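Participant: Have a look at this one before I ask anything.
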Amino acid sequence: MKNWEKNVREVVPYVPGEQPKEKDIIKLNTNENPYPPAPGVGRALEKFKTDQLRLYPDPSAEELVEALAKQYRVKTSEVFVGVGSDDVLAMAFLTFFNSGKPILFPDITYSFYDVWAEVFRIPYKTIPLDESFCIRPMDYQVDNGGIIFPNPNAPTGVLLPLEQVEEIIRENSDVVVIVDEAYIDFGGESALPLIQKYENLLVVQTFSKSRSMAGMRIGYAFGNEKIIKYLNDVKYSFNSYTMNQLTIALGKASVKDEAYFRETLDKIVETREWTKKELRKLGFEFEDSMSNFIFATHPKISAKKLFEDLKKEGIYVRHFSRPERICDYLRITIGTWEEMRILIAFLEDYVN
Ligand code: PMP
Numbered sequence: 072m073k074n075w076e077k078n079v080r081e082v083v084p085y086v087p088g089e090q091p092k093e094k095d096i097i098k099l100n101t102n103e104n105p106y107p108p109a110p111g112v113g114r115a116l117e118k119f120k121t122d123q124l125r126l127y128p129d130p131s132a133e134e135l136v137e138a139l140a141k142q143y144r145v146k147t148s149e150v151f152v153g154v155g156s157d158d159v160l161a162m163a164f165l166t167f168f169n170s171g172k173p174i175l176f177p178d179i180t181y182s183f184y185d186v187w188a189e190v191f192r193i194p195y196k197t198i199p200l201d202e203s204f205c206i207r208p209m210d211y212q213v214d215n216g217g218i219i220f221p222n223p224n225a226p227t228g229v230l231l232p233l234e235q236v237e238e239i240i241r242e243n244s245d246v247v248v249i250v251d252e253a254y255i256d257f258g259g260e261s262a263l264p265l266i267q268k269y270e271n272l273l274v275v276q277t278f279s280k281s282r283s284m285a286g287m288r289i290g291y292a293f294g295n296e297k298i299i300k301y302l303n304d305v306k307y308s309f310n311s312y313t314m315n316q317l318t319i320a321l322g323k324a325s326v327k328d329e330a331y332f333r334e335t336l337d338k339i340v341e342t343r344e345w346t347k348k349e350l351r352k353l354g355f356e357f358e359d360s361m362s363n364f365i366f367a368t369h370p371k372i373s374a375k376k377l378f379e380d381l382k383k384e385g386i387y388v389r390h391f392s393r394p395e396r397i398c399d400y401l402r403i404t405i406g407t408w409e410e411m412r413i414l415i416a417f418l419e420d421y422v423n
């Protein structure tokens, strides 16, 4: 190894789900929304004047922050925005997890958490989920440097009831607790109201799933004024212009269309419940999902083999070979009803 190489910040990067080049596939592998963004987003895109691009964007992304504050009935000073919730979460790790004590997160969870911990040199400890993939709040009552968990959890889809989320926040008032609500709109109760009660709480959400805008990269967080100010101070110390002009304009247009948002969510939830019934009929087993995916296993079928056979049919789902506890599961994103019907028809043949 060369001398300069000894001083490299070496990391094992996060591996995102595959984005296949082929058209005409059924893409159920990265929890995207199968429906287009709100119609107003297209109109805002048409109205966007390219001449504007000469100028730097508003570093505070005020229009987007205002739209979010209005929609969620909070103050603009209680909202932070970033380039997808991945950016928001990374900033939050950097801002709040500096005690030197291990931060805590579940053993089966979003596989970016340990990557951020590694890249920022934050010690961490994983807490096993119980046998039904549930988070036990009691397990988080140990000395720690901060806590993060998704609710519903990913890739399990399991929702922690709000009282239990509150228990974790209440019992850990000396550290920041981040609730990653990437999938909350698909049937969970948000911890957002709790930001008025607990100043150690940060609630993170995204436009990538429920708002069909994964390609635009918008994430946001709610917290009390103080916690948001700390986050912004770190963000401005990195890059003042994370939110570009088009993102701000299209994000704002999306937030305004509440009716379309609800309609899309209802369709996905209805398709999810239908898919659950069909999968159960075929012998698949899974904990109840409150997200836009189902994390399923089958006692007689190898998940890895099924993953590969589905791919040959042009149906992409997600398989995680690690940790070992979940290597026999597939995470299946809820697509359109038509896509799920094709998946189920394939599985009917496969299982029988
Ligand atoms: N949190 C969880 C639990 C996720 O599954 C994802 C999606 N990969 C994210 C955060 C990040 O999503 P985005 O950066 O697209 O907002």
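Going by my numbering, the first residue of the sequence shown is number 72, and it counts up by one from there.
Beta carbons: idealized from backbone N, C-alpha and C, even for Gly.
Just so it is clear, the structure is predicted and the values come from calculations on it, not from any experiment.
Based on the DSSP output, what are the partners of residue 356 in its beta bridges?
Facilitator: 368
Participant: Beta carbon of residue 161: closer than 7 Å to some heavy atom of ligand 1?
Facilitator: Not under cutoff, so the answer is no.
Participant: Does the beta-carbon of residue 256 have 16 or more other beta-carbons within 10 angstroms, so that it is buried, or is it exposed?
Facilitator: buried
Participant: Quick one: Cα of residue 215 to Cα of residue 367, how far?
Facilitator: 32 Å
Participant: What do you get for residue 278, buried or exposed, if any count of 16 or more other CB atoms within 10 angstroms of its CB means buried?
Facilitator: Taking all protein chains shown into account, residue 278 has 16 or more neighbouring C-beta atoms within 10 Å of its C-beta and is therefore buried.
Participant: Do you know how far the Cα of residue 254 is from the Cα of residue 190?
Facilitator: 25 Å
Participant: Since residue 140 contacts residue 249 with CB under 8 Å, what's their CB separation in whole angstroms?
Facilitator: That pair is no contact at about 20 Å.
Participant: By a C-beta neighbour count over all protein chains shown, 10 Å radius and 16 as the cutoff for buried, is residue 114 buried or exposed?
Facilitator: Exposed, because fewer than 16 other Cβ atoms sit within 10 Å of the Cβ of residue 114.
Participant: Could you give the distance in angstroms between the alpha-carbon of residue 273 and the alpha-carbon of residue 312?
Facilitator: 22 Å
Participant: Does the Cβ of residue 464 have 16 or more other Cβ atoms within 10 Å, making it buried, or fewer, making it exposed?
Facilitator: In the structure as shown, the chain begins at 72 and stops at 423. Residue 464 is therefore absent and cannot be evaluated.
Participant: For residue 273, does the three-state DSSP call read helix, strand or coil?
Facilitator: strand
Participant: For a test of the three-state rule: what should DSSP assign to residue 177, helix, strand or coil?
Facilitator: strand
Participant: Between residue 225 and residue 121, what straight-line distance do the alpha-carbon atoms span, to the nearest angstrom?
Facilitator: 38 Å
Participant: Please determine, among 363, 412, 318 and 371, the residue with the shortest C-alpha to C-alpha distance to residue 402.
Facilitator: Here the closest residue by C-alpha is 363.
Participant: Is residue 73 buried or exposed, if buried means 16 or more other CB atoms sit within 10 Å of its CB?
Facilitator: Exposed.
Participant: In angstroms with no decimal places, state the Cα-to-Cα distance between residue 307 and residue 228.
Facilitator: Approximately 34 Å, taken between the alpha carbons.
Participant: Is the number of C-beta pairs between the stretch 288 to 297 and the stretch 153 to 160 that are closer than 8 Å three or more?
Facilitator: yes
Participant: For residue 352 and residue 309, what's the separation of their Cα atoms in angstroms?
Facilitator: 51 Å
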